[in-house]
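Asker:
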Amino acid sequence: MPNGNQSELPIWQLDMKLHISCGQWIRMTVQLTSNHLGYFEFRLCPKLSADELVTQECLDRHLLTLADGSTRFYVTSEIGLFFPVAQLPSDVVCDHCVLQWRYTAGNNWGVCKDGIGALGCGPQETFVNCADIAII
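First residue of the sequence shown? That's 3 in my numbering, and the numbers climb one at a time after it.
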């Protein structure tokens, strides 16, 4: 059975609909219909070939920087649309890159590093989605 990111899937055959320049600032749109607090992060993995699997290790090598200089977009208590702006790496060009959105929630109760229990501490739910893009 093929893995969800293997090239046997038709997505690899498609022309990329979004072509972006390396080093460019891009505005993402994230819609939350249920708010779990926490933060978003965006990562990028350049695929060198159709056979290459996208790994979390590859994605972690390119954690995108946001407009405020951080790598985390903290979610306020609202629901609706959020528009984080991130910069693509200036040294990555690829016909097929995978852009990952990672949402680490902050609404579970847990033990903080200082040993005190609080909302948002300890293990939290994580939501992940990806998009195929080309960086020229």
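Where a beta carbon is used, it is the ideal one built from N, C-alpha and C, also for glycine.
1) Taking just the CA atoms, how far does residue 49 sit from residue 55?
2) Between the C-alpha atoms of residue 73 and residue 87, what's the straight-line distance to the nearest angstrom?
3) For residue 85, does the count of other Cβ atoms within 10 angstroms reach 16, so buried, or fall short, so exposed?
4) Quick one: what's residue 42 bridged to in DSSP?
5) In whole angstroms, what is the alpha-carbon distance linking residue 69 and residue 89?
6) If you follow the beta strand (DSSP E) that residue 33 is part of, which residue opens it and which one closes it?
Answerer: The structure says:
1) As a first step, residue 55 must be located in the sequence shown, where it is residue number 53. As a first step, residue 49 must be located in the sequence shown, where it is residue number 47. Rounded to the nearest angstrom, the two C-alpha atoms are 8 Å apart.
2) By 1-based counting over the sequence shown, the position of residue 73 is 71. By 1-based counting over the sequence shown, the position of residue 87 is 85. Going by the C-alpha atoms only, they are around 10 Å apart.
3) On the sequence shown, position 83 is the one that residue 85 refers to. By the neighbour-count rule (16 or more Cβ atoms within 10 Å), residue 85 is not buried but exposed.
4) By 1-based counting over the sequence shown, the position of residue 42 is 40. Answer by DSSP bridge pairing, in chain order: 75 and 105.
5) Walking along the sequence shown from the start, residue 69 turns up at place 67. Walking along the sequence shown from the start, residue 89 turns up at place 87. Each residue's Cα considered, the two are about 7 Å apart.
6) The count along the sequence shown starts at 1 and reaches residue 33 at position 31. Counting along the chain, residue 33 sits inside the beta strand (DSSP E) bounded by residues 32 to 34.
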